[in-house]
Amino acid sequence: MLLYHTGFDEIPVPDLRRGRPNADFGQGFYLSDDPAFSERWATEKAGSKTFVNRYALETDGLRIKRFERSKDWFDYIFSNRRSKPDTFKDYDVIIGPIANDTLYNTFGILTSGVLDDAVALELLLLGPAYTQVVLKTERAKAALRFLGTATLGHDLLEANKTRMAAEEAAFQKQFAARLGSLLGEMEASI
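Residue numbering for the sequence shown is 0 to 189, as defined by numbering that gives the first Met the number 0.
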């Protein structure tokens, strides 16, 4: 499996503890299997180059958990975002959809008691589904082979920033419309 990680460093040997413990799939090294998507998330930083690190992951013998957008996916992310113990810590690799950028808002609304789990899950199903691949164990790290890096130029990064802003604006509009509709439905049923 070919994988990509974008950032300001060349990373021939990833650090599994570098990622946040309260990220979607808990602590680990986050990658994408889509090179175009990986490039689109890239940003610029003064005095730094932006790299796309390329890897090959040999999956034979690895314990892999795959998620689709579902209640199990929702529950796992919700648990990780609240820094609960990782229920899938025994898996070497976790693969599944990235939760959209409104995740913190959705979970904030959920924990306030305004929305129930089913409504929050419906909101998280909006927008495009992009896949993330997370290495969780040293065994997975040992199965990862560094293939090299590519440097992303300013023009590409600017074009991607414009594209991402447009996608985010469209998503926010869709999210706000559906949230308003759901709240109206909830109010009508009271």
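Glycine included, each C-beta is placed from N, C-alpha and C at the ideal position.
Keep in mind it's a predicted model, so treat the numbers as computed, not measured.
For residue i, collect the residues of the same chain with a Cβ closer than 8 angstroms to its Cβ; drop the 5 residues on either side in sequence, then sort them by chain order.
{"i": "Pro13", "result": "His4, Phe28, Leu134, Lys140 and Leu143"}
{"i": "Tyr54", "result": "Leu1, Leu2, Tyr3, His4, Leu30, Leu143, Arg144, Phe145 and Leu146"}
With a threshold of 6 angstroms, establish whether the CB of residue i neighbours any heavy atom of the ligand PLP.
{"i": "Lys135", "result": "Among the components of this structure there are no ligands whatsoever, and the ligand PLP is therefore not found."}
Taking only the alpha-carbon atoms, compute the straight-line gap between residue i and residue j and give it to the nearest angstrom.
{"i": "Thr49", "j": "Gly6", "result": "6 angstroms"}
{"i": "Gln173", "j": "Val92", "result": "32 angstroms"}
{"i": "Ser188", "j": "Arg177", "result": "17 angstroms"}
So, for residue i: in the same chain, excluding its five sequence neighbours on each side, which residues have a beta-carbon less than 6 angstroms away from its beta-carbon?
{"i": "Ser47", "result": "Phe7"}
{"i": "Leu124", "result": "Arg68"}
{"i": "Pro11", "result": "Phe145"}
Quick one: what's got a C-beta closer than 7 angstroms to residue i's C-beta in the same chain, skipping five residues either side?
{"i": "Asn159", "result": "Glu38, Arg39 and Ala41"}
Would residue i and residue j qualify as a contact pair, given that the criterion is a beta-carbon distance under 7 angstroms?
{"i": "Thr148", "j": "Glu43", "result": "no"}
{"i": "Tyr129", "j": "Ile97", "result": "yes"}
{"i": "Asp85", "j": "Gly25", "result": "yes"}
key: Inter-stretch contact at 8 angstroms, needing at least 3 Cβ pairs: the stretch 68-84 / the stretch 119-129   = yes
ask   = When the Cβ atoms of the stretch 49-59 are set against those of the stretch 161-172, are three or more pairs found closer than 8 angstroms?
value = no
inquiry  = List, from N- to C-terminal side, the alpha helix (DSSP H) runs of 4 residues or more that fit wholly inside the stretch 3-67.
reply    = 34-39
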